[in-house]
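Q: There's a structure below that I have some questions on.
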Amino acid sequence: MTTASSWSELILLSEKTCFIQDGKRLVHYKFADGREMAEEYDMVAWTLTGRKWREKTTFGGVGQWIIEIGEPIQNPKQMDVEGIRENQQNPCFYRLDTQSAFQWKIRNITYPLDNYDVTVDDISKHIIVKTANKKYYKKFSVPDLDRCGLAYDGRKLSFSHKNNTLVIQYEKPEKILQLERTLKDELKKQKATKLDDESDCKPS
14 MTTASSWSEL
24 ILLSEKTCFI
34 QDGKRLVHYK
44 FADGREMAEE
54 YDMVAWTLTG
64 RKWREKTTFG
74 GVGQWIIEIG
84 EPIQNPKQMD
94 VEGIRENQQN
104 PCFYRLDTQS
114 AFQWKIRNIT
124 YPLDNYDVTV
134 DDISKHIIVK
144 TANKKYYKKF
154 SVPDLDRCGL
164 AYDGRKLSFS
174 HKNNTLVIQY
184 EKPEKILQLE
194 RTLKDELKKQ
204 KATKLDDESD
214 CKPS
């Protein structure tokens with residue numbers, strides 16, 4: 014299991030390349046095992062607005078990006094496996110953190126607040142969302158806690174419902190906050206290149 018210290022070392026020692034575009038700082042990480050991570054920060058508040066991962070395929074090729082944080086990309090022409098256009102009114106689950114909490118949103122879910130049951134399964138290390146009317150069920154992990162080897166704590170969990178959106182928050186542990194502060198201080202020192210510049214951005 015990865016620990017807070019070992020994950021901190023991995024990310025701080027990774028090869029980082031920084032860009033600036035549309036008021037956001039884009040950071041590309043390359044790890045020794047070949048994995049890649051890309052993050053997007055708002056440059057004013059230094060809020061993390063996006064994170065995605067990519068790994069090598071079984072045959073050594075370039076894999077597809079998997080989004081961990083960020084609003085889903087809307088594609089009106091996207092079809093499902095049966096060739097039927099996806100219903101835009103279906104519940105839409107995504108993660109978008111705040112400075113102090115991990116945060117997930119489920120859009121297009123209309124049931125009243127007392128219909129939801131949001132709990133932590135500290136044995137399997139998942140957060141579970143279900144409704145009393147059995148119309149919705151979701152089970153998901155918190156990769157940040159898993160990477161740092163931290164336990165799940167139901168006391169840090171809260172949720173609310175407004176405008177047909179269920180908002181779930183998990184208060185960030187102090188170890189996570191400290192790691193984020195350390196990483197942001199490191200990123201602020203990195204030379205960043207505007208994407209419309211012709212000069213190259215030197216990796217760290």
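When the count follows our numbering, it moves up by one through the sequence shown with no breaks and lands on 217 for the last residue.
We put the beta carbon where it would ideally sit given N, CA and C, even for glycine.
Since we're looking at a predicted model, the values are computed, not measured.
#1: Which two residues bound the contiguous beta strand (DSSP E) that contains Leu179?
#2: Where Gln182 and Lys175 are concerned, what is the direct C-alpha to C-alpha distance, given to the nearest angstrom?
#3: Do Leu170 and Val142 have their C-beta atoms closer together than 8 Å?
#4: Tell me, which residues are paired with Asp130 by DSSP?
#5: If you compare alpha carbons, which of Lys204, Tyr107, Val40, Lys148 is closest to Val155?
#6: Sorted by chain position, which residues of the same chain lie with C-beta nearer than 7 Å to Leu23's C-beta, five sequence neighbours on each side aside?
#7: Using 10 angstroms around the beta-carbon of Lys197, count the other beta-carbons present and answer buried if the total reaches 16, otherwise exposed.
#8: For Lys37, I'd like the list of residues in its chain whose CB is within less than 8 Å of its CB, leaving aside the five on either flank, ordered along the chain.
#9: Report all residues from its chain with a CB closer than 6 Å to the CB of Val180; omit the five preceding and five following residues, and keep chain order.
A: Taking the coordinates as given:
#1: Annotation: the continuous beta strand (DSSP E) that includes Leu179 extends over 178–184.
#2: For Gln182 and Lys175, the distance between alpha carbons rounds to 14 Å.
#3: Taking 8 Å as the Cβ cut-off, Leu170 and Val142 do not qualify as a contacting pair.
#4: Answer by DSSP bridge pairing, in chain order: Lys143.
#5: It is Tyr107.
#6: Shown here for Leu23: same chain residues with a beta carbon closer than 7 Å to its own, the five before and five after excluded, namely Phe44 in chain order.
#7: Exposed, because fewer than 16 other Cβ atoms sit within 10 Å of the Cβ of Lys197.
#8: Excluding residues within five positions, the ones whose Cβ falls inside 8 Å are Glu53, Tyr54, Asp55, Met56, Thr62.
#9: Listed in chain order, the non-local C-beta contacts of Val180 below 6 Å within the same chain comprise Lys118, Ser173, local neighbours out to five positions each way being set aside.
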